[in-house]
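Asks: Counting from 1, position 63 in the sequence shown corresponds to residue 140 in our numbering; the numbering is continuous, with no gaps.
Idealized CB from N, CA, C, for every residue including glycine.
No experiment lies behind these values; they were computed from the predicted model shown.
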Amino acid sequence: MPITQKELLEKEFKSEGVNLFGGLLRSGLYVLAGSSKVGKSMIATTMANCVAQGNDFLGRPMPKGKVIYFDNDNYDFETKSRIISLNLSGTNEVLYEFNDSKSIYDINERLSQIPDIEKYKLIIIDSYVGLDEVISSNDSYYEVYPILKELRDIVVKKSLICILIHHTKKNKERIDQDNLIGSKALSGATTGTLLLSVRNEFDTHGELKLILRNNKSIIKIKKDEKNINWVLDTDEQTVTEEIPKNILQLINAVVGLEKHELIGTCQEIVQKSKMELNPNYLTKYLKQNKRYLDENHITFTNDRTGQKRTIKIIYHKDENEK
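As structure tokens, this is what we get:
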């Protein structure tokens, strides 16, 4: 039976109460991907414990709930070693399943046997390529898509968040969804992708990219003091945050002037500062990027006299500067 848009907006869904990363991740199927040996399982294990204890993870709130970790890629003693290396004390709220972790059918059966499944928030499957259904497919879009859709239907029906651990191609300058090994169904049939963007196994700085259907976010990360786990890189966020090229051009132009003032029409401002921007959108663009201007002690005003609009951009020299 059809439903109106208004009815859809007013309808309450059980899965709406399930969220991680401060509400960015909701009930569904996600891929956590990165190249080999860069710390995907470390990230997943730390995330599992943060959810189990209700602690923040990489600066994002994680509501408390139980976790089940299906591990078909590691031996139990290897998993134990990872937990110890992460200096985790251990919790009964994270359940490991090594035997029934090799097929979607087994995983569904195992989930159906958990009496308090409503207390669980997160499922981790390590790894995607270890699933029998994937191994037996020829990795075509038309075979993989229904496999992933089946798994997604299972977790959404149970109001859970499921993360599949997978690999990206090595030796890529830029890591994006197209670098996922295998069928493009991995990005098409899932709810979103978490990309661990690291140049190589020895890199100490990287990014966790959240590529979701309605949101795109980047979390700057770095290795901890022991060079084992990935943690939030607050210094990196403030130091290396990239200023848009056009704003940088404008900052350099006004700071370089003797009076630190740039006055003119939108067309004149764009021309004088060598911005690559449609002059008609200059005012809107400045408002959108006001944060960068404020950080660099720059203000702008927009005055109209008759049909002429004049933009005044001023650099206010920091009093601490000599």
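For Tyr107, write down the residues that DSSP places opposite it in a beta bridge.
Replies: DSSP output for Tyr107 lists Ile240 and Gly269 as bridge partner(s).
Asks: Go ahead and pull the three-state DSSP assignment for Val171.
Replies: Residue state, collapsed to three classes: strand.
Asks: Excluding sequence positions up to five away, which residues of its chain have a Cβ less than 8 angstroms from the Cβ of Ser113?
Replies: Closer than 8 angstroms at the Cβ level, and outside the excluded window around Ser113, lie His244, Lys247 and Glu278.
Asks: Alpha carbon to alpha carbon, how far is Lys117 from Asn306?
Replies: If I take the Cα positions, the gap works out to 10 angstroms.
Asks: Helix, strand or coil for Glu75 per DSSP?
Replies: Nothing about residue 75 can be reported from this structure: the residues present for the chain run from 78 to 399 only.
Asks: Return the CA-CA distance between Asn323 and Tyr392, expressed in angstroms with no decimal places.
Replies: C-alpha separation (whole angstroms): 16 angstroms.
Asks: Measure from the alpha carbon of Ala110 to the alpha carbon of each residue in Leu334, Ser204 and Asn355, then state which is nearest.
Replies: It is Ser204.
Asks: Where do the ends of the alpha helix (DSSP H) carrying Leu325 lie?
Replies: Note, Leu325: alpha helix (DSSP H), Lys322 to Val332.
Asks: So Ile202 packs on Cys239, CB below 8 angstroms; how close in whole Å?
Replies: Contact holds; Cβ gap of about 7 angstroms.
Asks: Alpha carbon to alpha carbon, what distance is there between Leu101 and Val316?
Replies: With a pLDDT of only 43 at Val316, under the threshold of 50, the placement of this residue in the model should not be trusted; the figure read from the coordinates follows. One C-alpha to the other measures close to 25 angstroms.
Asks: Looking at Ile375 and Leu328, is the spacing between their C-beta atoms short of 8 angstroms?
Replies: In the sequence on display, residue 328 carries Ile and not Leu. A contact, by the Cβ cut-off of 8 angstroms.
Asks: By how many angstroms is the C-alpha of Lys300 removed from the C-alpha of Glu313?
Replies: Unreliable placement is indicated for Glu313, whose pLDDT of 45 sits below 50; the coordinate value is still reported in the next sentence. Those two C-alpha atoms are separated by around 12 angstroms.
Asks: Leaving aside the five residues before and after Ser260 along the sequence, list all residues of the same chain whose C-beta is less than 6 angstroms from its C-beta, in chain order.
Replies: Correct list, in chain order: Asp216, Tyr218 and Val221.
Asks: Does the Cβ of Tyr146 have 16 or more other Cβ atoms within 10 Å, making it buried, or fewer, making it exposed?
Replies: So Tyr146 ends up on the buried side.
Asks: Please report the distance separating the alpha-carbon of Cys343 from that of Thr123.
Replies: About 50 angstroms.
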